[in-house]
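Protein chains in written order, with this note's numbering: chain A, 1 to 273; chain B, 274 to 718; chain C, 719 to 1003. Below is one structure, written out as structure tokens; comments come after it.
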Amino acid sequence: MGRRLLRWLGLVPLAGLTVLVLLPVLWMLSTSFQASEKMFQLAMEWIPAVWHPENYPNALHRAPFPLFFTNSLIVSTVVMVGNVVFCTLAGYGLAKFRFPGDRFALLAILSTLMLPLEVTLVPTFLIVHSLGWLNTYQGIFAPLLVDAFGIFLMRQFVLGVPSDYLQAARIDGAGELRILWKIVLPQCKPALAVLALFAFRDSWDQFLWPLAVVSRDEYRTYPLGLVRFAEDYGNPQTEQMAVAVMATIPVFVLFLLLQRLLKKGFGLTGLKG
Amino acid sequence: MTTRRDFLRRTSVGAAAVGVLGIPAFGAAQGAPTRAPVKLTFWTWENPQQRPWLKKRIDQYTQQYPNVSVEFQYFAFSDLGKKVSIGYATGTAPDGYTTGDWLMPTWLTRKLIVPLDVQQLGYASLDAFRDDHAPAFVAGAIHEGKAYGYPLWFYGVLNHVNTKQFKEVGLDPVKDEPKTWEQLGEVAKRLTVKDGSKFTRQGFKWAMHASQWTAFQFNPILLQAGGQWFDKDGKCTVNNEAGVRAMTIRAAMVKQYGAEDPADSLATAPVPWMDWLKERAAMFSAPPIGPQAIKPINPAMEAEGYYKAYLMPGVSDDKRYSTCYGFNCVINVHASKEKQDVLHHMYRFIMSDLLDCWKATAPLTLARKSGWTDYPEVKSTPNIQAILRAKDTGVFLPRTPVWSELADAMHRAVQKVTLANGDIKVALNEAAAEVDRATAELKKG
Amino acid sequence: MRLQLWGVAFVLPALLFFVFFKYGPMGWAFWLSFTSYDMLAPPRFVGVANFAGLAGDPVFLQSLQNTLVYIVASTTLVTLVALLLALAVSTRVPGARVCMSGIFLTNVMPIIAVCLVWRFLLHPHGLVNQLLAPFGAGRIDWLTSNATAMPAIVLVTVWRFAPYFMVVFVAALAAIPAEYYEAAAIDGTRGLNRFRYITLPLLLPQLFFVIVVAALLSARLFLMPYIITGGGPGGATRVLSMLIYETGFSYLKMGRAAAISVVLFAIVLALTLAQMKLFMRHEET
């Protein structure tokens, strides 16, 4: 009985911390319903005295955000799928197989994260341009399909799968792909959830690369649209906040969907001794 | 298939509908340079008034000349330069685009834009073109006897004041106009309202949020103090005696008059005049600010009209010039001759109805002298006298290929002096050294 | 042997992708560091002039120092906070999962809104100072004073990224089989000892991941200092990634930007190698 009470008491600091951490997000949410004169009022009005939900449809009408969001959704979904497939394969290979140069391969893969996009932009652009992919979806998502973060993430998680299981399966005559599919992946559900989430999320926010590749509204992703929208001082900044709130939703929904997989209970069962 | 007569009739009807006065007329004589289909790309920057007007004019043009199709794209201002640069690097730059006049050296020194044929723009000679534009503009667009930019808007920087706050402290918005830097300081001091150590209202505010603004606000002070950015050998001289004097003036608002709090600002890139609009600062230096910019943030100020624009002060009341800067249309050197001709034609068309331009984009002034200032709509604009004088007497920004480095160096220097209480001479020495390094890099590289 | 081939086969698709999309451009960038390139005319070879120029440039040296401080501070704090948050939301306190979802929101907010909001909150008369006032803090010019500007940027970084890595740790904690804790309970190992001897060793792979990736992220990140402080005041928050962006796109000195990138690359590579050495000792096949 005492322990349960203790657990409930534990909620107080946790909830307090959450609210504190979320103050900026709450401010964004609150501002998105405010009149534009109230923006940047230092004496903060957390609950708007007058609600302006029209900021949302207004923002959507002022600039083609539905189109921009759709484009972002398409690109991010493809990137998510690509990463889940390729990063899992590579991460598994690096985690559970020893071959000459495997440490070097990991370093080589990580090295792709060590040079900023600014200096690799022009040649990457030229590659995509030579494929005829400027102002297309594939032009935006192609260089993002495999990300070293994802490979590294999967490697580290797959390391936690006991090799005994794999050995046992091999002795039983199972093929490598079957082992991956039937034994490794089911135990990596939390990792796959994290990978999918991060791949989608990182692609969702991308700015510089889509800026370079896209010059037409048809393919514009939402960050480009939002920055351009923000530059126009005729657009109330409270509407910018409304767009920002809307932009938060898809990734958050994905998170909520995937977080079931993060629950305990996906650990190992059976196979003792 | 249109006959030549149909074609001419359409253009003359078009010209009449446009209602042009003054030179250069876009009359019936202006047939399109070609009847063959032409596809152009044109890029510009986002602005709530200017961009829609440009788009409208281009749409009108392609309606009149249906063989021309224009892919019109616009980007956030800071992104336009990046896009164009990436475009040149990869062979995907637009055929025509707009650029700030302070960036002209960037395109010119690398021969990336085409020298314009002023006759296609409606001028008999280069001298006619030169005489029809504000002198400061022309200095950036004309290079080695040729014009490279076709001017759009061009503005001078003004001192925007809140007249309600003036009256509150017993000042008269007409008689107490600050004409010298000392007067500005004194007036600002009177306008300042403090609550303990916190500024409820700053008397006068300098922009602190972006290096471009720091540079263009410092520019006229430096020149008024008798200084210059570079000597004849290209060495940066902002740290000489005149430079120190200029920086002292710049820093006086906080150090001497106590009328400003440099750390306290809500300005953002699209709305640098935010503190003034929110009535946290009584005066602010900026290009012309019109009702459309005021209304979204301070509808009361716009409705009751309690704002006024003065010329910026000077070291003496006859030396009150401020910075002016503007935007040109330019043509990519890689565009085909045919496209170049059509672009000339289109640019001329765009700027052939200046009254319409004013109606859409007031009070943003134009570089051209003729053909618009006599309209009643222009004359009745509030503060128009000051706005026009600021443009006509303004001085241009330093024309240098290391403009961005210069602006960043000055921004750092101003921060050191006003935020960290640094020594003025030391800060200026560091800035000058940074600029010289950048120039040397450029020469070497 | 057969297994070795399989290992290579699994890794090959990703490597081929990188060869096509990454290693080519990276090699070009390395070559570029020995040229002068303004994007508008073809690159011109200048030998080590770019690097020599950097050595004598106070702005570069200041940025280098800022970057080292920023990487170390951010990585340490992000890792620590992420781990603590993950432990907190993985307890059996009711509503912990909801709190985790809430905290993750900080990582989902668009970056432009994050910067706008934090600039406002860190204003001298903004919310942060208002909240600290009862503790006698007085007015702190977070973003405009040399002493507090970098800590402010680190604060926003931790706020933004600790939740990201919290999720990694939560996933890792979820993968720890319940049997291990049951066995520990039978042994009488509880609390801090349980964390130290059971949880922490099992978290090592993810700890390795988080530290390496947090360091990589803080090396690359520049939007936050760029938008929140513009690198100021007086360059106090200008980090190398921001300098690279400015040098390449504002000053149009891509060759020099590439040279700075090479320096940053060397730093990050060294850090990663050190971490690999530290952590991979503990890995078993």
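Here a beta-carbon is modelled for each residue, glycine too, at the ideal position from N, C-alpha and C.
For this session: Out of 241/A, 257/A, 219/A and 254/A, point me to the one whose CA is closest to residue 24/A's CA.
Result: 241/A
Problem set entry | residue 871/C burial status per 10 Å Cβ neighbour count (16 or more: buried) | buried
Exercise. How would you list, in chain order, the residues of chain A whose beta-carbon sits under 7 Å from the beta-carbon of residue 539/B?
Worked result: 40
Problem set entry | Best match in 501/B, 374/B and 655/B for proximity to residue 563/B [C-alpha to C-alpha] | Relative to the Cα of residue 563/B, the nearest Cα in the group 501/B, 374/B and 655/B belongs to 655/B.
Exercise. Residues bridged to residue 604/B by DSSP?
Worked result: 369/B
Exercise. Within 10 angstroms of its Cβ, does residue 375/B collect 16 or more other Cβ (buried), or is it exposed?
Worked result: When all chains shown are included, residue 375/B counts as buried.
For this session: Give a yes or no on whether the minimum CB-CB distance between residue 987/C and chain A is below 8 Å.
Result: yes
Problem set entry | Of the listed residues 652/B, 495/B, 602/B and 689/B, nearest to residue 369/B (C-alpha basis) | 602/B
For this session: Please look up how many angstroms separate the CB atoms of residue 833/C and residue 941/C, rounded, as I've assumed it's under 8 Å.
Result: 7 Å
Exercise. Going along chain C, which residues have a C-beta under 8 Å from residue 383/B?
Worked result: Close to residue 383/B, with beta-carbon spacing below 8 Å, are these residues of chain C in chain order: 756, 758 and 759.
For this session: On a CA-only basis, which of 185/A, 136/A, 94/A and 217/A is nearest residue 110/A? Give me that one, please.
Result: 94/A
Problem set entry | chain C contacts from the stretch 685-696 of chain B (Cβ-Cβ distance under 7 Å) | Cβ contacts with chain C: 685, 688, 689, 692 and 693.
Exercise. On the premise that residue 200/A lies in contact with residue 254/A, defined as a C-beta separation below 8 Å, what is that separation, rounded to the nearest angstrom?
Worked result: 6 Å
Exercise. If you run the structure through DSSP and keep just helix, strand and coil, what is residue 466/B?
Worked result: strand
For this session: Use the C-beta contact count for residue 859/C: other C-beta atoms within 10 angstroms, 16 or more gives buried, fewer gives exposed.
Result: buried
Problem set entry | residue 63/A, DSSP secondary structure in three states | Three-state DSSP puts residue 63/A in coil, outside helix and strand.
Problem set entry | Contact list for the stretch 801-813 of chain C against chain A, Cβ threshold 9 Å | 803, 806, 807, 808, 809, 810, 811, 812 and 813
Exercise. So is residue 59/A in contact with chain B if we call contact Cβ pairs under 8 Å?
Worked result: no
Exercise. Which partner residues does residue 393/B have in the DSSP bridge list?
Worked result: According to DSSP, which records beta bridges pairwise, residue 393/B is partnered with nothing at all.
For this session: Kindly provide the ranges of any alpha helix (DSSP H) runs that are 4 or more residues long and lie completely inside the stretch 633-663 of chain B, ordered along the chain.
Result: 649-652
Exercise. Could you give the distance in angstroms between the alpha-carbon of residue 359/B and the alpha-carbon of residue 966/C?
Worked result: The straight-line gap from Cα to Cα measures roughly 11 Å.
Problem set entry | Contact under 8 Å by Cβ, residue 954/C with residue 868/C | The answer is yes: Cβ separation under 8 Å.
Exercise. Taking Cβ positions, are residue 44/A and residue 827/C nearer each other than 8 Å?
Worked result: no
Problem set entry | Spatial distance of residue 346/B from residue 883/C (CA atoms) | 39 Å
For this session: Report the rounded CA-to-CA distance for residue 178/A versus residue 252/A, giving the unit in angstroms.
Result: 33 Å
Exercise. Once you ignore the five residues that flank residue 921/C on each side, which residues in its own chain have a CB closer than 6 Å to its CB?
Worked result: 890
Exercise. Is the shortest distance between the beta-carbon of residue 944/C and the beta-carbons of chain B less than 8 Å?
Worked result: Closer than 8 Å: no.
For this session: Check whether the stretch 844-862 of chain C touches the stretch 795-803 of chain C, taking contact to mean three or more Cβ pairs, one atom from each stretch, closer than 8 Å.
Result: no
Exercise. In the structure shown, what three-state DSSP assignment does residue 722/B receive?
Worked result: The requested residue 722/B does not occur in the structure, where chain B is confined to residues 274 to 718.
For this session: Identify the continuous alpha helix (DSSP H) that holds residue 441/B and give its terminal residues.
Result: 436-441
For this session: Classify residue 302/B as buried or exposed, calling it buried when 16 or more other Cβ atoms lie within 10 Å of its own Cβ.
Result: Caution is warranted here: a pLDDT of 44 is assigned to residue 302/B, below 50, making its placement in the model unreliable, and the coordinate value is therefore given only provisionally. With fewer than 16 other Cβ atoms within 10 Å, it is exposed.
Exercise. Nearest to residue 472/B by alpha carbon, out of 367/B, 586/B, 553/B and 696/B?
Worked result: Closest in C-alpha terms to residue 472/B, from the list 367/B, 586/B, 553/B and 696/B, comes 553/B.
Exercise. Can you tell me where the alpha helix (DSSP H) with residue 315/B in it begins and where it stops?
Worked result: Taken as a continuous stretch (DSSP letters only), residue 315/B belongs to no alpha helix (DSSP H), being part of the beta strand (DSSP E) at 311-318.
Exercise. Where does residue 682/C sit, in a helix, a strand or coil, going by DSSP?
Worked result: Since the first and last residues shown for chain C are 719 and 1003, residue 682/C lies out of range.
Exercise. Under 8 Å between C-beta atoms, does residue 833/C make it to chain A?
Worked result: no
Exercise. Starting from residue 344/B and walking both ways along the beta strand (DSSP E), at which residues does that stretch end?
Worked result: Annotation: the continuous beta strand (DSSP E) that includes residue 344/B extends over 341-348.
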